[in-house]
């Protein structure tokens, strides 16, 4: 299984469990807010579970600021395949520092 | 404790910034309108107020951890357990530890003991945000009053 698929599967499992969304509704193309209806409170629940599972700290404050200022489209963070790519990036960054 | 004013923490006994841990004390008042309803003739501190007490101890811990740069607001209570009863006049020992310092949120585990016996515990989550206008100064004042700021070697 590729790293990308493994990350997506773990994140999808977390979302299914944390936000009570049927696992088969969650695809790499799903937008967490527009497609899955995850609100900001549930997204923080998911962020906590992701932080714990991957040993990282999702930079949510920076992402929110970038989206609010129009610098980055929300899809870059909220479409799951993009979110998973960023998680992989943060994991790699952490491993490089260790 | 001033239950009606939601001032649950009387004093900070110890703040360990490096370990992300706080110990605090609170004395349940001998009388309060709260006890008139909960329960008539059988006064008990409501679980919701014990939860608030754990949340406030955690909140002060997060405030100290963030150097008052942001204000924590309670957003989730998980795995709350109320293991024993407590009533008027009880001295409570509250502890909270920072489990995770997230971006825009923080997670703590908190517990209250009474006479060495476990009373309740929970995992609490807070959204951390810029202080709403006018809240910074009163929070600092309350923190000073309970000895949080004095004890943090500012």
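Chains as they are written, first to last, in our numbering: chain A, 190 to 287; chain B, 11 to 164. We put the beta carbon where it would ideally sit given N, CA and C, even for glycine.
Asked                                                                                                                            : Found
Closest by C-alpha distance to residue 29 (chain B), when choosing among B:63, B:60, B:53, B:72                                  : B:72
Residue burial classification, residue 240 (chain A) (beta-carbon count within 10 angstroms, cutoff 16)                          : buried
Short CB-CB distance (under 9 Å) between residue 86 (chain B) and chain A                                                        : yes
Residues of the region 134–160 of chain B whose Cβ lies closer than 8 Å to any Cβ of chain A, in chain order                     : 135, 137
Residue 138 (chain B) in three-state terms, based on DSSP                                                                        : strand
Residue 164 (chain B), DSSP secondary structure in three states                                                                  : Confidence at residue 164 (chain B) is low in this model, with a pLDDT of 41, below 50, so the placement of that residue should be treated as unreliable; the coordinate-derived value is given next. Here residue 164 (chain B) sits in coil by DSSP.
First through last residue of the alpha helix (DSSP H) which encompasses residue 70 (chain B)                                    : 57–75
Outcome for residue 195 (chain A) when other beta-carbon atoms lying within 10 angstroms are tallied against a minimum of 16     : exposed
Candidates A:227, A:254, A:206, A:284, of which the one nearest residue 114 (chain B) by Cα                                      : A:254
Straight-line gap, residue 250 (chain A) to residue 140 (chain B) (C-alpha atoms, nearest Å)                                     : 11 Å
Test: residue 75 (chain B) CB closer than 9 Å to a CB of chain A                                                                 : no
Environment of residue 105 (chain B) [buried if 16+ CB atoms lie within 10 Å]                                                    : buried
Spatial neighbours of residue 222 (chain A) in its chain, beta-carbon cut-off 6 Å, leaving aside the 5 residues before and after : 267
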